[in-house]
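Protein chains in written order, with UniProt numbering: chain A, 1 to 262; chain B, 1 to 842. Here is the structure we will look at, set down as structure tokens.
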Amino acid sequence: MPEGSKMKKPDVKVVILGDMNVGKTSLLHRYTERKFKDTISTVGGAFYLKQWGPYNISIWDTAGREQFHGLGSMYCRGAAAVILTYDVTNWQSLAELEERFLSLTDTANHDCIYAIVGNKADLTDPKAQLPQDSDRVSEDRAECEEETGSQVLSTCPTPPASPASLSGVMVHKQVGHEDAMALYGRILRYKGLEENGSLPAEKMCFETSAKTGYNVDILFETLFDLVLPSILRKRNENQQSPTVDLEDCRGGNNKRGKTACC
Amino acid sequence: MSVKAFELVPAVERELLMGDKARINIECLECCGKHLYVGTNDCFIHHFLLDEVTTSKGRLTYSAQKLLHKYLGLKKPVAELRAASALERLIVLCDGIVFLVDMVTLETVPSAAGGGAKIKGVTAFSPTVQIYMVYEDRVQLVKEVTTPEAQPYMILNYSTGAAQDLFPIQQRGRRPIVKRIGREEFLLAAPGGLGMFANAEGVSQRAPVNWSESVIGAAVCFPYVVALDEGFITVHSMLDQQLKQTLSFRDGHILQDFEGKVVLASTKAVYILVPLPLERQIQDLLASHRVEEALTLTEGAQRNIPKDKFQVTDLHKRILQQAGFIQFGQLQFLEAKEHFRKGQLDVRELISLYPLLLPASSSFTRCHPPLHEFADLNHLAQGDQEKVLRCKKFLITYLGEVRSTEVVNGCREDVDTALLKLYAEQDHDSLLDLLASDNACLLADSIPWLEKYHKYFALGLLYNYNGQDSAALQLWIRVVDGDLQDSTRSDLYEYIVDFLSFCSNVDLVWKYADWALRKDPTIGVQIFTKRPTTKDQSGVLNPDDVITYLGKHSQALLLYLEHLVLERRLQKEKFHTHLAVLYLERVLSLLSQSPADEEQVTRGRERLQALLRESSLYRVQFLLGKIETSQELLLERATLHGKLEEHDKALHILVHQLRDFGSAEAYCLWASSSRDSTYRQRLFHLLLGVYLDRNLPATAQSAGGGGGGELEMAAVDLLNRHGEVFDAVRVLSMLPEGWSLQLLRPFLGRAIRASMHACRTSQVALGLARSENLQLLHDRLKERKNPIFVSEKKGCHLCHNTFSEPDVVCMPGGVPVHTHCVAQRIRDSPTKRQLTNSSNHT
């Protein structure tokens with residue numbers, strides 16, 4: 001059953017931004033449905049509610065098309081994390097992040113965290129072509145960016161080759177990991193943040209493949225863990241609010257109960 | 001697509017509104033209860049009364065009745081109408097002027113406070129929001145909020161003036177659309193033909209819906225968002241943002257919702273979008289197998305279904321059940337099960353799909369209207385046997401899971417019987433578990449089914465569970481005898497024996513034990529031997545009855561007696577004698593065969609001997625009488641004599657007839673085993689005497705066949721081996737003169753050593769006693785040295801009275817007491833004799 005639809009109020013918001021065709025919907029789809037399928041160009045935006053422990057995290061998949069650009073800042077309002085997505089085979093998609101999308105994040109929370117994600121890594125990187133073990137526990141995710149080389153290789157044979165990537169023809173990688181890290185540094189400066197006091201670029205820059213699942217779980221789970229403090233703070237504020245929220249009372253005591261236990 | 005969420009119903013036809021005047025157009029609408037107000041481009045307000053009419057087919061239509069129309073006299077189109085029904089006023093915007101008219105008469109309200117009921121210049125150039133209070137007879141400016149250049153949509157808090165930009169208005173030249181959809185939530189037309197949701201904080205909490213670029217108006221009718229564009233009415237769900245319905249509608253002009261009523265107008269006529277009952281929408285979705293959408297709609301709409309019409313939960317349950325059946329039909333069992341569970345499905349609905357599973361006696365009838373479209377499983381599977389099988393396996397799992405829950409309250413018989421049938425048919429291992437545990441399987445219905453699948457063992461269990469043990473046994477016996485085929489248990493015979501051994505119905509035991517014993521007496525007898533003894537009286541069998549019963553099964557009888565005597569150790573002469581006799585008869589019969597089976601004879605005699613030795617309950621004389629005829633069972637005879645304490649006879653047999661000196665020695669030890677050493681000595685002396693008896697040398701020697709020295713050697717060995725038992729002095733007097741010292745050296749050596757040992761031990765004891773005596777003497781003298789004071793104030797230690805006379809007795813430690821007290825005490829306890837030696841003291 002689609003979890004997204006109703007009643008449950010999200011505790012925190014994560015927004016995926018990026019140019020059209022970089023694979024935002026596919027990333028979300030890979031994470032939530034554990035598969036890769038053809039998607040159509042997103043109209044306006046879509047959202048998914050993820051149960052993360054006792055918390056509800058809403059993940060907004062935005063439309064990359066220029067036409068819907070004006071809506072971006074609204075989606076970003078109150079966001080606790082923003083995933084800035086580009087396509088590793090397309091330099092322009094990285095440039096667009098800075099030129100077009102960064103300003104949309106002005107409405108996000110002041111302590112919003114930013115991840116820069118280069119998708120379609122399977123096109124340029126052989127190690128991203130192996131199917132990922134979807135049940136893998138992500139304990140080692142803190143280091144995995146560094147040690148992807150030693151990642152446990154699945155014993156499964158290589159999946160049937162797709163004409164684009166696995167026939168041995170590698171597409172030229174236009175955006176290097178260091179380019180993304182440099183952009184991250186510029187984002188911090190744009191936000192007026194000290195590099196020392198912020199999350200390090202190595203931790204917040206990912207290369208993923210929605211097609212094979214490479215690094216996708218790691219990306220989302222890293223972010224979810226990082227936004228937990230934000231959730232707790234938000235709940236705390238709600239609790240201290242002098243306003244009596246009738247909706248909340250009617251919506252059942254489970255919410256109150258949850259707050260009480262954390 | 002293709003949910004029919006709304007129906008377009010005409011409300012005010014062209015003729016009623018404008019007759020044949022072609023140039024008149026509708027400009028604006030207001031609907032307030034039954035009252036519909038229409039503003040036209042020729043500055044008229046028309047007032048209609050709308051009545052809901054339900055047709056015979058249950059469809060909702062509207063009939064409009066024109067009440068009034070009124071010219072406002074401004075020659076401009078009426079731009080906006082708003083009702084303030086509590087005040088019975090209609091707020092009119094026309095020609096840039098806002099004013100009030102009476103809702104009933106449509107007369108302009110005369111200004112009580114002098115012209116205050118009009119606001120002019122409403123379409124001012126500076127973007128300003130002015131807020132007025134409307135009274136019956138005047139309007140009053142409360143607040144004015146200037147807005148910046150009205151480019152994007154913005155959220156404006158009118159009490160604080162705080163503003164927040166949302167996003168740009170879609171296109172120049174198009175009217176922005178803002179609809180309030182709930183508490184602090186709005187629906188806005190966004191660029192790209194989107195319907196965006198925004199709350200008061202400027203945050204979107206639902207994904208946008210996708211309209212066309214040319215959207216003219218929008219309305220909300222939970223859970224749908226309705227939009228109007230140049231050619232169509234589109235209906236999107238707010239629950240999943242999907243397009244649900246499209247209605248063709250040309251010349252659309254106005255779309256507005258009034259208190260839940262969606263009203264629509266072309267330039268010439270007014271229509272109403274009548275929402276179809278949600279239940280019907282849900283049923284439509286289910287009918288086209290769109291389970292997820294149906295459930296989403298059900299859950300999303302639950303609070304909108306009128307409670308007086310439906311028990312909300314019942315409807316929801318029904319929909320869940322229907323969803324479950326759809327998924328069941330698609331063999332999506334996991335999902336189906338979840339929905340059955342959530343929907344609290346009457347399990348029998350599912351069982352009834354499977355032909356013949358419900359018991360004939362079941363009162364169940366399928367619910368109406370039906371929850372699904374299947375006649376039965378065959379209809380569902382369309383002859384695909386693999387499908388049928390998968391469905392059956394699913395039902396097995398499902399019933400297994402629910403049968404112990406409250407879901408099956410009131411229909412346990414039906415569920416358990418169905419499960420039994422499935423298990424039997426599918427040859428499932430759990431059939432026996434079901435029958436062996438608490439169950440509600442109906443016997444009448446299960447019998448033919450179990451017979452059909454040759455599950456006779458299981459059927460027996462069911463009989464047993466229903467208290468029909470006799471039927472169960474008859475059935476099982478027929479299986480063991482090969483009349484019926486059921487390979488469930490290869491050890492069914494043993495099972496029956498075990499069953500009978502625990503069977504509390506004594507009559508049944510008597511009835512069927514004979515069959516079991518004839519089949520195999522050694523196992524059959526377990527019916528009696530394995531019977532729990534510590535049971536209540538009902539199932540206890542009297543051993544005498546059993547013995548009588550076992551009369552013709554000699555082997556079983558023997559085993560049973562062994563059980564009574566050797567295992568249960570019943571101390572009853574009858575059983576012991578009987579067992580001994582049986583043992584004896586068996587040995588005798590073995591011996592009478594020729595050639596006799598040595599091994600069997602030995603084994604039989606060992607048992608007999610053991611019993612004769614160890615039991616002291618059997619009738620010795622009786623056995624002796626039986627055994628005397630036999631020349632071979634001498635050892636047994638000796639044992640019997642021993643039981644009678646006729647040791648001389650026994651030893652005589654052992655020594656002279658049997659010439660088994662080892663047995664003779666063993667006999668002495670056995671016969672004196674529970675007696676004192678004197679008795680043992682007597683026996684050994686007796687044996688020695690037999691050995692040395694010179695009155696019988698001839699027979700003894702002839703029987704033994706050896707030299708006369710044989711008995712003497714036995715005597716020597718006896719002495720040397722058991723020297724400690726004998727009285728050496730008496731032995732010496734018995735021994736023949738001629739025996740060499742060397743021969744008896746071990747015996748004599750040991751005897752002397754023992755005598756020496758005894759002598760020295762007694763000397764040590766004597767010395768110890770003397771020294772103790774001396775010590776006591778010393779203590780006494782020591783006590784005597786000190787004077788012992790007696791006065792009238794001192795009390796006696798025994799009676800606690802004071803002394804009145806000087807005569808006292810002194811206790812050890814110098815304690816004076818009355819003489820009569822001591823005397824008393826000595827009388828009471830004769831052990832304290834030493835006190836008599838105490839001397840008086842003055």
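Beta carbons are placed, not taken as given, at the ideal position from N, Cα and C, and that holds for glycine. If you're wondering where the values come from, they're calculated on a predicted model, not measured in any experiment.
How many angstroms separate the CA atom of residue i from the CA atom of residue j?
| i | j | result |
| --- | --- | --- |
| Ser-487 (chain B) | Val-407 (chain B) | 35 Å |
| Met-20 (chain A) | Lys-4 (chain B) | 35 Å |
| Ala-46 (chain A) | Ile-181 (chain B) | 19 Å |
| Val-145 (chain B) | Thr-128 (chain B) | 6 Å |
| residue 886 (chain B) | Ser-733 (chain B) | A question about residue 886 (chain B) goes unanswered here, because the residues of chain B that appear run from 1 up to 842. |
| Ser-674 (chain B) | Cys-668 (chain B) | 11 Å |
| Thr-529 (chain B) | Gln-332 (chain B) | 56 Å |
| Leu-579 (chain B) | Gln-593 (chain B) | 21 Å |
| Lys-309 (chain B) | Leu-278 (chain B) | Here the model assigns Lys-309 (chain B) a pLDDT of 49, short of 50, so the residue's position is not dependable, and the following value carries that caveat. If I take the Cα positions, the gap works out to 12 Å. |
| Cys-796 (chain B) | Arg-780 (chain B) | 21 Å |
| Ser-85 (chain B) | Tyr-114 (chain A) | 52 Å |
| Cys-821 (chain B) | Arg-784 (chain B) | 21 Å |
| Val-225 (chain B) | Val-209 (chain B) | 8 Å |
| Glu-7 (chain B) | Ile-216 (chain B) | 20 Å |
| His-647 (chain B) | Ile-496 (chain B) | 51 Å |
| Gln-67 (chain A) | Ser-26 (chain A) | 20 Å |
| Leu-559 (chain B) | Tyr-512 (chain B) | 18 Å |
| Arg-770 (chain B) | Leu-686 (chain B) | 41 Å |
| Ser-501 (chain B) | Ala-436 (chain B) | 18 Å |
| Pro-163 (chain A) | Gln-129 (chain A) | Residue confidence for Pro-163 (chain A) is low, a pLDDT of 45 falling below 50, so the modelled location carries little weight and cannot support an answer. |
| His-563 (chain B) | Leu-461 (chain B) | 30 Å |
| Lys-34 (chain B) | Gly-73 (chain B) | 26 Å |
| Thr-105 (chain B) | Ser-63 (chain B) | 21 Å |
| Leu-156 (chain B) | Arg-77 (chain A) | 16 Å |
If the criterion is Cβ atoms closer than 8 Å, does the pair residue i and residue j meet it?
| i | j | result |
| --- | --- | --- |
| Leu-295 (chain B) | Ala-323 (chain B) | yes |
| Leu-743 (chain B) | Val-716 (chain B) | yes |
| Asn-41 (chain B) | Pro-10 (chain B) | no |
| Ala-418 (chain B) | Leu-358 (chain B) | yes |
| Asn-119 (chain A) | Val-14 (chain A) | no |
| Arg-175 (chain B) | Glu-136 (chain B) | no |
| Leu-450 (chain B) | Leu-434 (chain B) | no |
Residue i bridges to which residues according to DSSP?
| i | result |
| --- | --- |
| Trp-52 (chain A) | A:Tyr-55 |
| Glu-30 (chain B) | B:Tyr-37 |
| Asp-51 (chain B) | B:Ser-63 |
| His-69 (chain B) | B:His-46 |
| Met-154 (chain B) | B:Asp-165 |
| Gly-118 (chain A) | A:Tyr-86 and A:Glu-207 |
Quick check on the DSSP output: the beta strand (DSSP E) that includes residue i runs from which residue to which?
| i | result |
| --- | --- |
| Met-204 (chain A) | First-last for Met-204 (chain A): 201–204, but that is the alpha helix (DSSP H), not the beta strand (DSSP E). |
| Ser-266 (chain B) | 261–266 |
| Ala-666 (chain B) | From DSSP, Ala-666 (chain B) is part of no beta strand (DSSP E) but of the alpha helix (DSSP H) over 661–671. |
| Gln-140 (chain B) | 139–146 |
| Gln-130 (chain B) | 128–134 |
| Gln-164 (chain B) | 163–168 |
What residue range does the alpha helix (DSSP H) around residue i cover?
| i | result |
| --- | --- |
| Ile-187 (chain A) | 177–190 |
| Thr-522 (chain B) | 521–524 |
| Ile-282 (chain B) | 278–287 |
| Leu-94 (chain A) | 91–96 |
| Val-764 (chain B) | 745–785 |
Point to revise | Contact the segment 437–456 of chain B vs the segment 354–374 of chain B: 3+ CB pairs below 8 Å | key: Contact annotation: the segment 437–456 of chain B touches the segment 354–374 of chain B, with at least three C-beta pairs closer than 8 Å.
Review point. Does the segment 89–103 of chain A touch the segment 29–36 of chain A, meaning 3 or more C-beta pairs lie closer than 8 Å?
Key: Cβ pair count under 8 Å is below three, so no.
Check your understanding: Taking one C-beta from the segment 655–664 of chain B and one from the segment 614–621 of chain B each time, how about it: are there three or more such pairs within less than 8 Å?
Key -> The segment 655–664 of chain B vs the segment 614–621 of chain B: no contact.
Practice item. Please determine if the segment 387–404 of chain B and the segment 468–486 of chain B are in contact, where contact requires at least 3 C-beta pairs separated by less than 8 Å. Key: Taking 8 Å as the limit for Cβ pairs, the verdict is that the segment 468–486 of chain B does not touch the segment 387–404 of chain B.
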